[in-house]
Amino acid sequence: MRYPAHSVRRFGNQVLQLMHDTGHALFMLLESIWFIRYVFTKRSRAETALQMFTTGIKSLAVITVVALFTGMILALQTGLELRRYGQEVYIGSAVAVSMIREMGPFMTGLIIAASVGSAIAAQIGTMVVSEEISALEVMSINPNRFLVMPRLVALVVMMPILTVYTNILGIMGGGLVGATQLGVSLQAYMDNATQFATNKDLYVGLFKAIIFGAVITTVSCHQGFMTSEGAVGVGKATRRSVIISFLIILVLGYMITRLFYV
Amino acid sequence: MIRFENITKVLGGKTVLDNISFEVNEGETFVIVGLSGAGKSVTLKHMIRLMLPDNGSIVVDGEAIDNLGRSALEAVRSKFGVLFQSAALLQWMSVHDNVALPLREHTKMAEEEIGRLVAEKLHLLNLSDAGDKFPADLSGGMQKRVGLARAIIMNPKIVLYDEPTSGLDPVTSRRIDNLIVDMRKELGITSVVVTHDLHSALSIGSRIMMLHDGQIVENAPPEEFICSKDKTVQSFLESQYITKKGKWETGLSHE
């Protein structure tokens, strides 16, 4: 009888720990939102601009390749099916709507979580291990204002911009495949794409991107702050930040779609 | 100035501090020694509430710090400067920016004034040429000196040193010891130093406390400390080839 009781207790402890961690992460997010009022001070401005550069410009190369090929794959797969019914001209709407509603924010979110989010978790984790966070606290410098807030602003601003960039490149990639592989002219492709994609699709996609930006920052910073066990701990925090961000992006992506389209 | 009252701390099931009480007086250099894992750094972290005790109370300048709100805690912490074991410099900032950070965050000083104060502290610590360098470009000893410059830039009343000479060569270690003594002589700073280097402790300390198995086994001035009858202290002294042949000669001036 002791073994089941032990398992139940352990499960209970894990649930309590999860709730504690979630509460801690949400408190960190709320406090960082509160500190956004300091974003235009000289020091925060410089740090936020640096984070925007890291998030945006340094991620452009990988986003360009992924977005282009996402659009090309979407166009090829749907185009081959539609060709069986002689409707391949509709790949424009299929690619545009898929990219703007789902694939644009989703793919951008995954790329940023894997590249920028993991870097944030590793940097903050290393700062915890090397006592830099303790030093900030002793100097009465709030780490949420000093470190989290500029990253939150940078990701929440850059994610929609990068998502629009992903959408444009994805649609261009689809057009390229349509013109070269499926015999759909660029003019026909674009006419079809703009006919079916609505403003609502764009707004919902951008809303998702903003939410994903906040999620990636919160998860990555929180995992960084929770780091222990030295270099091994930094590795674990980095891995966990990517996995948790991916899972939340997937679940929230579904829930937002359901909220606006069902 | 700093008073520990019946402090107990348990970490990972192990009692690191077991009902300890002691007091650090104003103007003294109080050294905490002990083996690795004896609870020295944990004691230091309690002084600035980076850790909270499981039992007991810590009083700084007559004020219990256990239940202070954020602004009151910040006021207490402003009395402290801390040199961390790893120096804890922000890696993406230059030496100048690291040292200037507390001034930029907590004062409305003009950049020229901040620059003057930073240059003054860097000069005091023999780092005048290092302002534009980044922490990764510095040796361990230089990083510790930069950490010390940052710790004293706001003119704190108390400076805490966590293993200030660990990982340094003997010459640099003695240089850091000299700096700690100079801080007390020239700036009147109260110092609390955590170290397992007894040569350093005996040289700089006006009082030495030894922790062992969560208990205080000795708390005395250097001359009395080396004559301690406690077996743990004797064993610790012998392990570093220190014998009680009269007064300990520091080579450093405490006057």
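Read top to bottom, the protein sequences are chains D and C. Sequence positions in the first sequence follow the working numbering and run 3 to 264. Sequence positions in the second sequence follow the working numbering and run 5 to 259. Glycine residues also receive a C-beta, built at the ideal position from the N, C-alpha and C atoms. Quick caveat, the model's predicted, so the values are computed rather than measured.
With the cut-off set at 8 Å, would you say residue i and residue j are in Cβ contact?
i: C/P57; j: C/K112; result: no
i: D/T165; j: D/G119; result: no
i: D/V206; j: D/I258; result: yes
i: C/R154; j: C/N102; result: yes
i: D/S187; j: D/V221; result: no
i: C/G145; j: C/T33; result: no
i: D/E231; j: C/A92; result: no
i: C/I36; j: C/T19; result: no
i: D/R153; j: D/I122; result: yes
i: C/H203; j: C/L39; result: no
i: C/E222; j: C/V237; result: yes
i: D/I93; j: D/A77; result: yes
i: C/I246; j: C/I220; result: no
i: D/L254; j: D/I213; result: yes
i: D/S34; j: D/V159; result: no
i: C/I62; j: C/I11; result: yes
From the options, pick the residue whose C-alpha is nearest to that of residue i; which is it?
i: C/S266; options: C/L72, C/P225 and C/E124; result: Only positions 5 to 259 of chain C appear in the structure, and residue 266 of chain C is not among them; the question remains open.
i: C/Y165; options: C/V64, C/A79 and C/Q89; result: C/Q89
i: C/R211; options: C/Q219, C/P106, C/P226 and C/V197; result: C/P226
i: C/M5; options: C/M55, C/E67, C/S232 and C/R108; result: C/E67
i: C/G192; options: C/R179, C/G209 and C/K161; result: C/K161
i: C/E167; options: C/D65, C/N71, C/M158 and C/K148; result: C/K148
i: D/K44; options: D/T56, D/K210, D/F148 and D/W36; result: D/F148
i: C/S207; options: C/F8, C/I184 and C/I157; result: C/I184
i: C/V28; options: C/L172, C/A224 and C/S40; result: C/A224
i: D/E139; options: C/D65, C/S45 and C/P106; result: C/P106
i: C/V99; options: C/G60, C/R188, C/P139 and C/S75; result: C/P139
i: C/D186; options: C/G31, C/K49 and C/E117; result: C/G31
i: D/A216; options: D/L31, D/H8 and D/L20; result: D/L31
i: D/V184; options: D/I38, D/E83 and D/T56; result: Correcting the residue identity first, residue 184 of chain D is Leu in this sequence and not Val. Of the listed residues, the one whose Cα sits closest to D/L184 is D/E83.
According to DSSP, is residue i part of a helix, a strand, or is it coil?
i: C/H200; result: coil
i: C/Y165; result: strand
i: C/E259; result: Reliability of the predicted coordinates at C/E259 is poor, the pLDDT of 45 falling under 50, and the value obtained from them is presented with this limitation in mind. If DSSP states are grouped into helix, strand and coil, C/E259 belongs with coil.
i: D/H224; result: helix
i: D/H8; result: helix
i: C/R53; result: coil
i: C/K18; result: strand
i: D/I173; result: helix
i: D/N15; result: helix
i: D/A96; result: helix
i: D/S132; result: coil
i: D/M141; result: coil
i: D/G255; result: helix
i: D/E231; result: coil
i: C/S25; result: strand
i: C/L215; result: strand
i: C/S195; result: strand
i: C/A92; result: coil
i: C/E30; result: coil
i: C/A68; result: strand
i: C/I230; result: coil
i: D/G215; result: helix
i: D/G185; result: coil
i: C/Q244; result: coil
i: C/V46; result: helix
Note the first and the last residue of the continuous alpha helix (DSSP H) segment covering residue i.
i: C/N102; result: V99 to H110
i: C/N182; result: P174 to L191
i: D/T50; result: K44 to T57
i: D/D193; result: L188 to F198
i: D/H107; result: According to the sequence shown, residue 107 of chain D is Pro rather than His. Residues G106 to I114.
i: C/L77; result: R74 to R81
i: C/L126; result: E115 to L128
What are the boundary residues of the beta strand (DSSP E) that residue i is part of?
i: D/L76; result: From DSSP, D/L76 is part of no beta strand (DSSP E) but of the alpha helix (DSSP H) over L62 to R85.
i: C/R7; result: I6 to L15
i: C/G60; result: N59 to V64
i: C/G151; result: Taken as a continuous stretch (DSSP letters only), C/G151 belongs to no beta strand (DSSP E), being part of the alpha helix (DSSP H) at G144 to I156.
i: C/F84; result: F84 to L87
i: C/V35; result: T33 to G38
i: C/A224; result: Q219 to A224
Counting only beta-carbon atoms, is residue i nearer than 8 Å to chain A?
i: D/G25; result: Absent from the structure is chain A; the protein chains it does hold are D and C.
Could you please tell me which residues of the region 139-156 of chain D, in chain order, have their CB closer than 7 Å to any CB of chain C? E139, V140, M141, S142 and I143
Give me the subset of the region 7-37 of chain D whose CB atoms are less than 7 Å from a CB atom of chain C, sorted by chain position. none
At a CB distance below 8 Å, what residues from the region 36-69 of chain D approach chain C? Give them in sequence order. R45
Any residues in the region 131-152 of chain C with a beta carbon nearer than 7 Å to a beta carbon of chain D? Which ones, in chain order? none
Contact list for the region 87-109 of chain C against chain D, Cβ threshold 8 Å: F88, Q89, S90, A92, L93, L94, Q95, L105, P106, R108 and E109
Compile a chain-ordered list of the residues in the region 62-88 of chain C whose CB is closer than 7 Å to at least one CB of chain D. E78, R81, S82, F84, V86 and F88
Residues within the region 25-58 of chain C neighbouring chain D, beta-carbon criterion of under 7 Å: I52 and L54
Of all the residues that make up the region 123-138 of chain D, which are near chain C by a beta-carbon distance shorter than 7 Å? S132, E133, E134, S136 and A137
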